[in-house]
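Single-structure report; data block below.
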Amino acid sequence: MTDILQGWQPAPAGHKHVVSVSLGSSARNAREEVTVLGQPFIIERLGTDGDPKKMAALFQALDGKVDAFGLGGADLYVIADEKRYTFRNVRALVKNAVQTPVLDGSGLKNTLERDAIAQLDPVLNWRTQKVLMVSAVDRFGMAEALAEHHADIVFGDIVFGLNLDRPLRSITALRRVAKLVLPVITQLPQDWFYPTGAKQESSVQGSGTKYYAWADVIAGDTHYAKRYAPQDLSGKTILTQTITEADREWMKARGVKRLITTTPRMGSRNFATNVLEAMFVALSGKREALTGPEYLEFIRQVGFRPEVNEL
Numbered sequence: 001m002t003d004i005l006q007g008w009q010p011a012p013a014g015h016k017h018v019v020s021v022s023l024g025s026s027a028r029n030a031r032e033e034v035t036v037l038g039q040p041f042i043i044e045r046l047g048t049d050g051d052p053k054k055m056a057a058l059f060q061a062l063d064g065k066v067d068a069f070g071l072g073g074a075d076l077y078v079i080a081d082e083k084r085y086t087f088r089n090v091r092a093l094v095k096n097a098v099q100t101p102v103l104d105g106s107g108l109k110n111t112l113e114r115d116a117i118a119q120l121d122p123v124l125n126w127r128t129q130k131v132l133m134v135s136a137v138d139r140f141g142m143a144e145a146l147a148e149h150h151a152d153i154v155f156g157d158i159v160f161g162l163n164l165d166r167p168l169r170s171i172t173a174l175r176r177v178a179k180l181v182l183p184v185i186t187q188l189p190q191d192w193f194y195p196t197g198a199k200q201e202s203s204v205q206g207s208g209t210k211y212y213a214w215a216d217v218i219a220g221d222t223h224y225a226k227r228y229a230p231q232d233l234s235g236k237t238i239l240t241q242t243i244t245e246a247d248r249e250w251m252k253a254r255g256v257k258r259l260i261t262t263t264p265r266m267g268s269r270n271f272a273t274n275v276l277e278a279m280f281v282a283l284s285g286k287r288e289a290l291t292g293p294e295y296l297e298f299i300r301q302v303g304f305r306p307e308v309n310e311l
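When we follow the UniProt record's numbering, the leftmost residue of the sequence shown carries the number 1, and every step to the right adds one.
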């Protein structure tokens, strides 16, 4: 760990620097230079291949050297039904970041993704769509928006997160389950139910596979959606956010018809909400997460809209 910053370069003068430290694969690392609202940025992702000690060390080593951290491959908080739940083990991983704010994307998910569903209604007509959300408690804003637009939904939190064939088919059922399980789940290691490291590069199939076949749209986290996907996704639409060129090729190989990202491409990829949330916080000059209306104001100023790609 002594050479953990070997080869790392700070941003040039005049740039703001956002670094997403992720539990995910280092194969997805990226460093892009972009300009947002006239401010030049270096946006960077550093994966730790599922190594929590390395993640904690990176937060400590980079603290005070960058303008904002994103937290990738894990959630610090889950906002469900207007209540915030904190993952105990993830909080321990970021505790050494005392000068630089850490953003996990939960606040932006609750605003940007809710807004994206409304923007996509003229394109998809949600009330005619069968939607599988592989995991919904970490994207409650998207889940509520889909329900408000009368999509036919299966929430797969119990099916995929707990390996029990108990699909949830209403927002009321999701709220009830969230209230019961989140106080318990947030006390457990997150990699018990979320793919990290090498698990992000392989798929497993089980009882939940049939819900992929049923759905017109598979919505939610990219890694979760890929982890449980069958080989044949012919004609399906995938609605997600963090996408690399390798992900696009994976989707094409499985026959995905349409890819929709809730965030636009920046440079060579679509960055995750934790990166964008950190970017907005750095733009604001604040040292903490912004409010929902503040995020929406930045979204409007930047002009973020969902990006639709016919594959």
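Glycine is no exception: its CB is placed at the ideal position from the N, C-alpha and C atoms.
Span separating the alpha-carbon of residue i from that of residue j
i       : j       : result
Ala-225 : Pro-189 : 20 Å
Asp-216 : Asp-138 : 21 Å
Gln-39  : Gln-205 : 45 Å
Thr-111 : Tyr-295 : 7 Å
Glu-148 : Arg-84  : 21 Å
Leu-182 : Arg-88  : 12 Å
Asp-3   : Glu-245 : 30 Å
Thr-143 : Asp-165 : It should be pointed out that residue 143 corresponds to Ala in this sequence rather than to Thr. When rounded, the distance between both Cα atoms is 19 Å.
Phe-41  : Leu-120 : 29 Å
Asn-29  : Leu-46  : 5 Å
Glu-297 : Leu-283 : 12 Å
Ala-97  : Gly-64  : 8 Å
Phe-304 : Met-266 : 11 Å
Leu-168 : Ile-153 : 8 Å
Pro-264 : Leu-23  : 23 Å
Ile-260 : Leu-108 : 17 Å
Asn-163 : Ser-207 : 8 Å
Gln-6   : Thr-240 : 33 Å
Gly-50  : Ala-27  : 12 Å
Thr-273 : Glu-32  : 16 Å
Gln-9   : Leu-124 : 43 Å
Trp-250 : Ala-61  : 34 Å
Pro-122 : Lys-130 : 16 Å
Val-34  : Ala-253 : 30 Å
Thr-128 : Trp-214 : 13 Å
Phe-59  : Thr-291 : 24 Å
Val-184 : Gly-220 : 22 Å
Sequence-distant residues of the same chain with beta carbon closer than 8 Å to residue i, five excluded per side
i       : result
Tyr-212 : Leu-132, Ile-218, Tyr-228, Ala-229, Pro-230, Leu-233 and Lys-236
Pro-101 : Ala-68, Phe-69, Ala-278, Val-281, Lys-286, Arg-287, Glu-288 and Ala-289
Asp-81  : Phe-140, Arg-175, Ala-178 and Lys-179
Leu-76  : Thr-86, Phe-87, Val-90, Arg-91, Val-94, Val-102, Asp-104 and Ser-106
Lys-257 : Ser-234, Gly-235, Lys-236, Thr-237, Glu-310 and Leu-311
Gly-255 : Asp-232, Leu-233, Ser-234, Gly-235 and Lys-236
Thr-186 : Val-78, Tyr-85, Thr-86, Phe-87 and Arg-88
Per DSSP, cross-strand counterpart(s) of residue i
i       : result
Asn-46  : Looking at the sequence provided, one finds Leu at residue 46 rather than Asn. Answer by DSSP bridge pairing, in chain order: Val-21.
Val-36  : Gln-39
Leu-112 : DSSP, once it has assigned bridges, lists no residue as partnering Leu-112.
Leu-168 : Phe-155
Glu-310 : Arg-258
Close-in-space but distant-in-sequence residues of the same chain around residue i (CB under 7 Å, 5 per side omitted)
i       : result
Ile-79  : Ser-106, Asn-110 and Phe-140
Ser-170 : none
Arg-269 : Ala-30, Ile-243 and Thr-244
His-15  : Pro-40, Phe-41 and Ile-42
Arg-300 : none
Gln-99  : Asp-63 and Gly-64
Val-36  : Met-279, Leu-283 and Val-302
Ala-11  : His-17 and Ile-42
Asp-247 : Thr-222
Anticipated Cβ contact below 8 Å, residue i with residue j, distance rounded
i           : j       : result
Val-18      : Val-275 : 6 Å
Pro-293     : Thr-262 : Not a contact, Cβ separation roughly 19 Å.
residue 316 : Ile-43  : There is simply no residue 316 to check, as the chain begins at 1 and stops at 311 in what is shown.
Ala-145     : Arg-114 : 5 Å
Ser-20      : Gly-72  : 5 Å
Nonlocal neighbours in the same chain, by C-beta distance under 6 Å from residue i, ignoring five residues either side
i       : result
Met-1   : Residue confidence for Met-1 is low, a pLDDT of 46 falling below 50, so the modelled location carries little weight; the figure read from the coordinates is stated next. If we look at Met-1 and ignore the five residues flanking it on each side, its Cβ neighbours are Ala-57.
Trp-126 : His-149 and Ala-151
Thr-209 : Pro-230
Val-308 : Ile-260
Ala-13  : none
Residue i beta carbon near the ligand HEM (any heavy atom closer than 6 Å)
i       : result
Trp-126 : The ligand HEM is absent from the structure shown, which contains no ligand whatsoever.
Is there contact between the stretch 267-287 and the stretch 65-73, where contact requires at least three CB pairs shorter than 8 Å? yes
Contact the stretch 149-158 vs the stretch 170-183: 3+ CB pairs below 8 Å: yes
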